[in-house]
Every structure is written in structure tokens, then in C-alpha cells.
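Residue numbers (this note's numbering): 173 to 358.
In C-alpha cells form, the structure reads like this:
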């Protein structure tokens, strides 16, 4: 495949993923899912809410979101020579990163690190920026990763990402509970 063709397929894949993202995140997603999908707040964790509470809503959202992106890619496939392995890689990368970002603890950590707690739009814009960056990675990987072995590697990487997120959520919950019960730290 020529470099121009590769670049064009990367671009149309990104466009389809982005269109699917916009529709899946803003039109398809219900309000109740948007409210329920995040990691529990420190106060909830201190009240013994499971740190993994909300994953069911998050996974329902990721399912409908990924289906919307798949429909957008199928539409583009009518005009562009997409490969099934590329489509699979793009959807796996998008779904796994979307799930982790939508748990919101990464967004909270970035807001703290940037010191932009007083910026009302920070949570939404940081969330969306992370998603768009992940979509770019997904689009590039969709043309770079070829063959079944490559797809399997991406799937394993996605599973490792989600497992790392679950581990981090448990660690953050332990810290939040310790701070809530320690009068000096809380």
C-alpha cells in the first residue's frame, strides 16, 4: 500500500471514529449512564461503596459507543479500502481507552496536576481531549497493525490497560478511605 493510501485510510478511519465518538458520547448515551459510569467519589468510598461501582454502566456505554463507531466505520468502508484487522484494532483501542477515561479518575488527577480546579469546563474538555488523542492512536494503529497476531497483541494490551485501571481504582479507593478515617489527613 502506498504511503498516500495509508495516510488517507488513517485519516478516514480517524474521521469515522471521531464521528462515532461524537454520536456515541453525546447523542446515544443516556443521562443515567453518564451519571453512573464514573468511579465513586471519595465520600462514597468512605461509606464502603465498592471502588468498582459504576463499571456496569460504563461497560453498557462503551458497548453502545463502540457500536456507533462500528456503524461509522462500516459507512466509510463503502468508500475506502479498510481492512477487517484495522477496523478490529481501531475498535478495541477506542473501546478500552474510552472505558478507562470514562471512569473519570484520570481526568480528576490531571485537573489536580494542572491546578485547574477553578475552571468549570476542565472535566469535560480534558475528558474529550483524552478521547480524541486515543482515537488518533486507534486510527494510526488500524493501519500499522496487520495480521491476526497484531490484533491479538492489541487485545492483550487493551486487557492489560483495563486491568491496570481496576488496580489503580482499588488503590485510589484505599487512599480515599484512609484519608476519610484519619482525622489528621482527612
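Cβ atoms here follow ideal geometry from the backbone N, Cα and C, with glycine treated the same way.
With distances taken Cα to Cα, identify the nearest neighbour of residue 202 among 184, 229, 183 and 346.
229
Comparing alpha-carbon positions, which option in 287, 262 and 200 lies nearest residue 315?
262
Mapping the DSSP letters down to three states, classify residue 299 as helix, strand or coil.
helix
Assuming residue 203 is part of the alpha helix (DSSP H), what are its boundary residues?
203-208
Near residue 214, which residues of its chain fall below 6 Å by C-beta distance, leaving aside the five closest residues on each side in sequence?
348
What three-state label does DSSP hand residue 291 in the structure shown?
coil
Out of 338, 197 and 268, which has the shortest C-alpha to C-alpha gap to residue 309?
268
Can you give me the C-alpha to C-alpha distance between residue 397 and residue 341, rounded to a whole angstrom?
For the chain, the structure presents residues 173 to 358; residue 397 sits outside this window and is missing.
By alpha-carbon positions, which one of 218, 199 and 174 ends up nearest to residue 351?
That would be 218, whose Cα lies nearest to the Cα of residue 351.
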